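S.K.:
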Amino acid sequence: MKILSTFDRVITEVLADKVRARLTFKGHLDTYRFCDEVWTFLIKDVTFKLDNQTTVSADKVKIVSCNSKRPGEA
243 MKILSTFDRV
253 ITEVLADKVR
263 ARLTFKGHLD
273 TYRFCDEVWT
283 FLIKDVTFKL
293 DNQTTVSADK
303 VKIVSCNSKR
313 PGEA
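This is the structure we're talking about:
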(Lines of atoms letter the chains of each structure in order from A and count residues from 1; the text may use other names and numbers.)
(Lines give C-alpha, C1' and ligand atoms only; values in the text may rest on other atoms or scores of the structure.)
Protein backbone atom coordinates (compact mmCIF):
# COMPACT_ATOMS: atom_id res chain seq x y z
CA MET A 1 0.00 0.00 0.00
CA LYS A 2 2.98 2.32 0.49
CA ILE A 3 3.61 2.39 -3.27
CA LEU A 4 0.00 3.35 -3.99
CA SER A 5 0.06 6.04 -1.30
CA THR A 6 3.28 7.46 -2.70
CA PHE A 7 1.90 7.38 -6.24
CA ASP A 8 -1.29 9.18 -5.16
CA ARG A 9 0.69 11.87 -3.36
CA VAL A 10 3.19 12.43 -6.17
CA ILE A 11 0.65 12.45 -9.02
CA THR A 12 -1.49 14.97 -7.13
CA GLU A 13 1.49 17.27 -6.61
CA VAL A 14 2.66 17.01 -10.23
CA LEU A 15 -0.79 17.60 -11.69
CA ALA A 16 -1.28 20.64 -9.45
CA ASP A 17 2.14 22.15 -10.22
CA LYS A 18 2.94 21.20 -13.81
CA VAL A 19 -0.30 20.86 -15.78
CA ARG A 20 -1.89 24.10 -16.92
CA ALA A 21 -4.11 22.78 -19.72
CA ARG A 22 -7.87 22.88 -19.39
CA LEU A 23 -10.63 21.13 -21.21
CA THR A 24 -14.37 21.22 -21.41
CA PHE A 25 -16.68 18.43 -22.38
CA LYS A 26 -20.26 17.97 -23.50
CA GLY A 27 -22.27 14.82 -23.66
CA HIS A 28 -25.45 13.06 -22.61
CA LEU A 29 -25.48 11.98 -18.97
CA ASP A 30 -26.66 8.38 -19.08
CA THR A 31 -26.22 7.32 -15.45
CA TYR A 32 -24.92 8.78 -12.24
CA ARG A 33 -24.58 7.33 -8.77
CA PHE A 34 -23.14 8.19 -5.36
CA CYS A 35 -22.17 5.22 -3.24
CA ASP A 36 -19.65 4.95 -0.39
CA GLU A 37 -18.46 8.54 -0.93
CA VAL A 38 -17.70 7.86 -4.62
CA TRP A 39 -19.42 9.58 -7.54
CA THR A 40 -19.68 7.68 -10.84
CA PHE A 41 -20.86 9.33 -14.05
CA LEU A 42 -21.52 7.44 -17.30
CA ILE A 43 -21.64 9.85 -20.24
CA LYS A 44 -22.50 9.03 -23.86
CA ASP A 45 -21.59 10.83 -27.10
CA VAL A 46 -18.91 12.95 -25.43
CA THR A 47 -16.91 15.72 -27.09
CA PHE A 48 -13.84 17.08 -25.31
CA LYS A 49 -12.52 20.51 -26.28
CA LEU A 50 -8.94 21.35 -25.32
CA ASP A 51 -7.35 24.78 -24.78
CA ASN A 52 -5.88 24.80 -28.27
CA GLN A 53 -9.37 24.16 -29.73
CA THR A 54 -8.58 20.52 -30.54
CA THR A 55 -11.62 18.30 -30.15
CA VAL A 56 -11.74 14.64 -29.22
CA SER A 57 -14.90 12.53 -29.35
CA ALA A 58 -15.85 9.30 -27.61
CA ASP A 59 -18.93 7.08 -27.61
CA LYS A 60 -18.83 6.47 -23.85
CA VAL A 61 -16.87 7.91 -20.93
CA LYS A 62 -16.89 6.85 -17.29
CA ILE A 63 -15.80 9.41 -14.69
CA VAL A 64 -15.14 8.26 -11.14
CA SER A 65 -14.58 10.88 -8.47
CA CYS A 66 -13.81 10.48 -4.78
CA ASN A 67 -12.61 12.59 -1.91
CA SER A 68 -8.83 12.78 -1.63
CA LYS A 69 -9.02 12.32 2.13
CA ARG A 70 -10.09 9.17 3.86
CA PRO A 71 -12.89 9.35 6.43
CA GLY A 72 -11.49 10.51 9.75
CA GLU A 73 -8.54 12.42 8.26
CA ALA A 74 -8.29 16.13 8.98
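Residue numbers (our numbering): 243 to 316.
Ideal Cβ placement from N, Cα and C applies to all residues, glycine included.
Note that the structure is a prediction, hence the values are computed from the model and not measured.
Can you have a look at Ile285 and say buried or exposed, based on whether 16 or more other CB atoms are within 10 angstroms of its CB?
M.R.: The residue is buried, with at least 16 neighbouring Cβ atoms inside 10 Å.
S.K.: Using the three-state DSSP reduction, which class does Arg251 fall into: helix, strand or coil?
M.R.: Correct three-state label for Arg251: helix.
S.K.: Helix or strand or just coil, what does DSSP make of Val288?
M.R.: Correct three-state label for Val288: strand.
S.K.: Since Leu271 and Phe283 should fall inside the 8 Å C-beta cutoff, what is the C-beta to C-beta distance between them, to a whole number of angstroms?
M.R.: Indeed they touch by this definition, with Cβ atoms about 7 Å apart.
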